[in-house]
Structures are given as structure tokens and as C-alpha cells.
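Worksheet for the structure shown next.
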Amino acid sequence: MLGATDYSKILSDLKQKESYLLSELAGVRSAISGLSKARAALELTELPSNSAKGTFYRNVSIKRGAITFLRSRGEPQGSTEIARALIAGGYRSTSRAFYRTVFNVLAAACAKKSSELVKTDAGFGLREWSRTNSTALRPIVQRKDSISR
């Protein structure tokens, strides 16, 4: 037979290459999965400084955006800093004094006992911080009888 081909050797070689490629593909998929998880973690911890895309806070409320921002910072922040982060992260507002809007929304949220937010001397913080470190965060408590008109 002229130019007889041994198909069993070709098939064996192709199966070996397939096995190698499948193992490489599994490694690539694993790397992609790891990168996706790392990226998600970075977005939660680094965002507003990493908000070049300007879309992170686009579809959230002021309260939810503030909570996310405060968690990323790990310490109380003023309404001006929170407002700047929200705008930098894509929150849309036509308010001329957006920081005042942020202050009013967060102050109203702080008034509720079940709120995740607390108002402190340093700005707004998270109630969970006062549970873990009572000296770091002291909520401002105003008594009704001490408020003068």
C-alpha cells in the first residue's frame, strides 16, 4: 500500500493533545475565577478611589452608597466626603449642595434605632463599629429636654 497511514497512532496522538489542552483550559478557568473573585473584593474595598468608571454608585440609594463607602474606609466620614465619593462613583444629582442632601438623608436614617448608621463627632459611621470598639465610635445622643428653641 502506497502511503499507508497508521490512524491509530494519529488518534492516540490527538487524544494525548486533547488531554493536555483540557488540563490547560482547566488551569485558565481556575485563574479567571480567582481573578474575578479578587476583582470583586478590590471593588468593595477600593472603590471610591478606584471609581474611574464612575458607575459603582449609579443605581444605589444615598443611604446604601454611604454604607458601602463607610465600610470601604473603615472609619467615620463627614457628609462632604461621602457626597464626593457618591458623585465620583456615578451617583447622579442636580443638587447644588449635595452634601446637605446626604447629611439630611443620613441624619434621618440615624434617628431610627434599627439603622446601620450612627452620627458621631467625626461624622457618620456604622453601628457595627461601636459594637466592636466602643471607644472608637460614640454616637451623639441628644436629649429632648436639652434642645432649646
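Each residue of the sequence shown is one higher than the last, beginning at 586 in this note's numbering.
A virtual CB, placed ideally from N, CA and C, is assigned to each residue, including glycine.
Quantities reported herein were computed from a predicted structural model and do not represent experimental measurements.
Which two residues bound the contiguous beta strand (DSSP E) that contains residue i?
{"i": "residue 665", "result": "It is not in any beta strand (DSSP E) - residue 665 instead sits in the alpha helix (DSSP H) that spans 664-673."}
Return helix, strand or coil for residue i, following the three-state DSSP convention.
{"i": "residue 687", "result": "helix"}
{"i": "residue 612", "result": "helix"}
{"i": "residue 709", "result": "strand"}
{"i": "residue 629", "result": "Because residue 629 sits at a pLDDT of 47, beneath the cut-off of 50, its placement in the model cannot be relied upon, and the point is left open."}
{"i": "residue 699", "result": "coil"}
{"i": "residue 680", "result": "coil"}
Which residue comes first and which comes last in the alpha helix (DSSP H) that contains residue i?
{"i": "residue 651", "result": "647-658"}
Any idea which residues DSSP pairs residue i with across the strands?
{"i": "residue 704", "result": "709"}
Using CA coordinates, which residue listed in the options is at the minimum distance from residue i?
{"i": "residue 698", "options": "687, 686, 707 and 711", "result": "711"}
{"i": "residue 713", "options": "656, 598 and 604", "result": "656"}
{"i": "residue 664", "options": "678, 675 and 707", "result": "707"}
Would you say residue i touches the ligand ATP, meaning its beta carbon is less than 6 Å from a heavy atom?
{"i": "residue 696", "result": "This structure lacks the ligand ATP, and indeed carries no ligand of any kind."}
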